[in-house]
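Take the sequence shown: its position 83, counting from 1, is numbered 114 in this note's numbering, and each next residue is one higher.
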Amino acid sequence: MRFDLTTKASPEQVLRAMTDFTDRRLEIWHKTLDPQVYEVRSLGDTSAVAREGSPRVPFWVVVDYDWSDPTLIRWTEVESNHGDGGAGSMRIAPGDEGGSRVHVEWTTHAVRTRDRIAMFLLHHTMNRVIARMWRQALDRYAESAVT
Numbered sequence: 032m033r034f035d036l037t038t039k040a041s042p043e044q045v046l047r048a049m050t051d052f053t054d055r056r057l058e059i060w061h062k063t064l065d066p067q068v069y070e071v072r073s074l075g076d077t078s079a080v081a082r083e084g085s086p087r088v089p090f091w092v093v094v095d096y097d098w099s100d101p102t103l104i105r106w107t108e109v110e111s112n113h114g115d116g117g118a119g120s121m122r123i124a125p126g127d128e129g130g131s132r133v134h135v136e137w138t139t140h141a142v143r144t145r146d147r148i149a150m151f152l153l154h155h156t157m158n159r160v161i162a163r164m165w166r167q168a169l170d171r172y173a174e175s176a177v178t
């Protein structure tokens, strides 16, 4: 999956929203993060490992996040109920007229045929939907002036 989005959120706000692993993560990402699945397993200054999944979706992943470069968030799937890993990245840049430009790339490696079909559909048809949901969450974050 690959997509670009623009948001009202500054690059610093995008980084904070994406790397907030407190209970606020469930508020920020309430449309895309299932509280029944969410669990932080470890948290460092520029890294985290968390179990995440989306509401009404049968898949979950344990993801190792790294944001040691504040303009680039990388993640690696270390465990899942549907595949054999995956990885992604989010490049954050200042927008031309304020806010931010965000470029996302994300791959998964499903093992079972059923899961490969579902992952294909997710990665090839849902990228616009996911981009829109992420933009809305980041815009809300910027408007709420969460610090």
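Backbone N, C-alpha and C fix where the C-beta goes; we use that ideal spot for every residue, glycine too.
Opposite residue i in the DSSP bridges: which residues?
i	result
H134	D35 and R122
L169	Its beta-bridge partners do not exist; DSSP assigns none.
R105	D97 and S120
Please work out which residues of its chain come closer than 7 Å, Cβ to Cβ, to residue i, disregarding the five sequence neighbours upstream and downstream, and give them in chain order.
i	result
M49	I104 and M121
P101	L46
W165	L36
Y172	A40, Q44, A48 and I59
Kindly list the residues whose CB is nearer than 8 Å to the CB of residue i, restricted to its own chain and excluding five residues on each side of it in sequence; keep chain order.
i	result
S78	D95, Y96, D97, W98 and S99
R159	F34
Counting only the same chain and skipping the five closest in sequence on each side, list residues whose C-beta sits under 6 Å from that of residue i.
i	result
W106	V94, Y96 and G119
E58	none
V135	F34 and M121
S73	V80
E110	V93
Is any beta-carbon of chain C found at less than 9 Å from that of residue i?
i	result
R82	The structure shown has no chain C; it contains just one protein chain.
#### Entry: Uninterrupted beta strand (DSSP E) stretches inside the segment 38-100 (no shorter than 3 residues)
Runs of beta strand (DSSP E) with 3 or more residues, each lying fully within the segment 38-100, are found at 70-74, 78-84 and 91-100, listed in chain order.
### Task
Would you check if the segment 118-137 and the segment 40-60 touch, i.e. whether three or more CB-CB distances between them fall below 8 Å?
With contact defined as three or more Cβ pairs closer than 8 Å, the segment 40-60 and the segment 118-137 are in contact.
### Message
Under 8 Å: do the segment 58-65 and the segment 85-94 share three or more Cβ pairs, one atom per stretch?
### Response
They touch, by the three-pair rule.
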